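Step one of this worksheet: look at the structure below.
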Amino acid sequence: MSISPILITITPIKIFQEKNHFIKIGKNLLDKWGIEEGTTIKMRIGKRVVDAAVFATRLEAKLFLIPTFTLKEMLLPVQSLQFIVHYQPQHETISFGPVLALLTGIEESVTGEPDFGPLHAFCEEMHHGLSSQGGLFYVFNFKDFRVDAIKGYYFENDNWKPMILPAPDAIYNRNPSRTLEFSRYYERFQADIAAMDIAFFNHRFLSKWEIHEMLMAEEHLLPYIPVTKLFNQDNLAEMISEFDCLYLKPINGSQGRNIIQLTRLDDNDFVISSSNSWFANFEHKSLDETMKQIESRLHNKHYLIQQGIPLISVHDRKLDFRLLCHKNLSGRWKVTSTTARISAEHQFVSNIARGGETMRPLKALSLYFDRGSALQIAALMKELALETAAIVGERTDGLTIELGIDIGVDCTGGVWLIEVNSKPSKNFEEHDTKIRPSAKAIIEFVTSWALKPLQLEEE
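Residue numbers (the working numbering): 315 to 773.
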């Protein structure tokens, strides 16, 4: 069995003669745990274990005194820290946690400080959120991973400082590079964390075609999915004869990059636009000429063709909705935030990374529909997003806990499933609190996940 977890505060103490490691705990808690004073126990922090003698104090139960040299051996910052702790008498182990590490690309800024790119502010929120309710959060790059310790960055005194830190209980994967996933170094990294029993959330990118095939297997979702096919000349000719507008999207693309819009004005008049500078609204008089122009830009890369849906817009600017979904420990998904995204002028993609703007969803829907209809459409979008997240989460290998679902609304109020993102952007969330909804959801999941084995032991 194990003793129920409690929230504690570690206070560092200075000892002039560094001898054996020890920890001082309130006598009432020691008695409750059944630990005799002077007993040597194991202290587990993430995947690191340090032996220490236990001594009693008259302090309150939720205050632990640990020498600075012992904290350094535990690979912890020498400062006041909060953790959720539990004692497992059968293993004579006090566990401190949870320890969550975020994996991402790290650049050095002009000031020499680490730069986590678009995740920088999000990481600060993760630190504040987890440390306030008990736990340790840090950021690292996979090349700095070692099985015994990790060089990462910990937020201290309003700065991210490099430290050697304990291997975590769980890793939140925000690796920005699809190419990296196929390297032998990354494969070794994944093998190491699996061997160490470190949970790996959202362990890989999912391609657009992979997700499309998952969803097409669900008959009840078919009315909400635009017609989509792999790109080739035959499929393009067939679809442009059926639909006035098509979108060509890279199967492994993200953030609205390298998307092509093909519009048919009449049987022999086509306009090509792109989300980058490939085309400047080139107009062509034949499908063959149009095809050659498109293929000259694709360079044999894998693309899909998606039916263009006449979605509602704001002042001729494209509008869609991003619903961010997170999984809880019971396996149920919830929508943590919904944002209307409006494209930049003269852009047909609404991604914030391409200059788009955000608006509250009901405000955007109310520009076209009465309040009752807007509420019904918002509810249907939420239902569609949750069903989509559940299917994708169930059919992907590994542990998927976060998905971004892009949904469009047509002029009749019909909803369309545009795209599913396995590494959704953090730049669009609107929030009135210091910690955004997605950060709260991930912290909630990792805390519950870390405590679940203890609850099972108690049962």
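For each residue, glycine too, the CB sits at the ideal point set by N, CA and C. Nothing here was measured: the structure is a model prediction, and the numbers come from that model.
Item	Value
When we look at the beta-carbon of ARG358 and count the other beta-carbons within 10 Å, is it buried (16 or more) or exposed?	buried
Please report the distance separating the alpha-carbon of HIS517 from that of GLY622.	31 Å
Between which two residues does the beta strand (DSSP E) carrying LEU643 extend?	From DSSP, LEU643 is part of no beta strand (DSSP E); its letter is neither H nor E.
Measure the Cβ-Cβ separation of ARG307 and ASN566 and say whether it is below 7 Å.	Lying outside 315 to 773, the shown extent of the chain, residue 307 is not represented and no answer is given.
Give the range of the beta strand (DSSP E) segment to which GLN620 is assigned.	617-621
Can you give the Cα-Cα distance for GLY411 and PHE397, rounded to whole angstroms?	5 Å
Is it right to say MET530 is buried, meaning 16 or more other beta carbons lie within 10 angstroms of its own, or is it exposed?	exposed
Tell me, please, whether the segment 715-733 touches the segment 621-636 by the rule of three or more beta-carbon pairs shorter than 8 Å.	yes
Would you give the residue range spanned by the beta strand (DSSP E) that VAL706 belongs to?	First-last for VAL706: 685-709, but that is the alpha helix (DSSP H), not the beta strand (DSSP E).
By Cβ distance, which residues of its chain are closer than 6 Å to PHE436, with the 5 residues on each side in sequence left out?	LYS740
Say whether the segment 413-421 touches the segment 429-444, bearing in mind that this needs 3 or more beta-carbon pairs closer than 8 Å, one atom from each stretch.	yes
Based on DSSP bridge pairs, tell me the residues matched to GLY352.	The partner list for GLY352 (beta bridge, DSSP) is empty, contrary to what the question assumes.
So, do the segment 512-528 and the segment 708-723 have three or more beta carbon pairs nearer to each other than 8 Å?	yes
Alpha carbon to alpha carbon, how far is LEU377 from THR407?	18 Å
Provide the residue span of the beta strand (DSSP E) that contains GLU671, from first to last.	671-673
Hey, would you say ASP511 sits closer than 7 Å to ARG636, going by beta carbons?	no
Which value, in whole angstroms, describes the spacing of the CA atoms of THR577 and LYS641?	39 Å
Helix, strand or coil: which one does DSSP assign to SER610?	helix
Quick one: which unbroken beta strand (DSSP E) runs of 3-plus residues sit fully inside the segment 324-393? Chain order, please.	336-340, 354-359, 362-371 and 377-381
Mind listing, in chain order, the continuous beta strand (DSSP E) runs of no fewer than 3 residues lying wholly within the segment 512-548?	513-515 and 542-544
How about ARG277 and GLU439: are their beta carbons less than 7 Å apart?	Absent from the model: residue 277. The displayed extent of the chain is 315 to 773, so no value can be given.
Report the option in SER657, TYR452, LEU479 and ASP581 whose CA atom is closest to the CA atom of CYS559.	ASP581
Is it true that the CB of TRP763 sits closer than 7 Å to the CB of LEU643?	yes
Quick check: what's the CA-CA separation for LYS338 versus LEU638?	44 Å
Spatial neighbours of ASN487 within its chain, please: CB distance less than 7 Å, with the 5 preceding and 5 following residues excluded, ordered by chain position.	LEU417, PHE514, PHE515, ASN516 and HIS517
Could you check the C-alpha separation between ILE656 and PHE683 for me, to the nearest Å?	17 Å
Look up GLY443 in the DSSP assignment and say whether it is helix, strand or coil.	helix
What are the boundary residues of the alpha helix (DSSP H) that includes ASP506?	498-509
Spell out the partners DSSP gives TYR682 in its beta bridges.	DSSP lists no partner for TYR682.
Short check: CB of LEU550 to CB of TYR617, under 7 Å?	no
According to DSSP, is PRO751 helix, strand or coil?	helix
Does DSSP put VAL760 in a helix, a strand or coil?	helix
Report yes or no: do the segment 376-391 and the segment 348-367 share at least 3 C-beta pairs separated by less than 8 Å?	yes
Can you give me the C-alpha to C-alpha distance between ASP630 and PHE584, rounded to a whole angstrom?	20 Å
With respect to the beta strand (DSSP E) encompassing CYS559, which residues constitute its N-terminal and C-terminal limits?	559-564
Is the beta carbon of LEU343 sitting closer than 7 Å to the one on ALA366?	no
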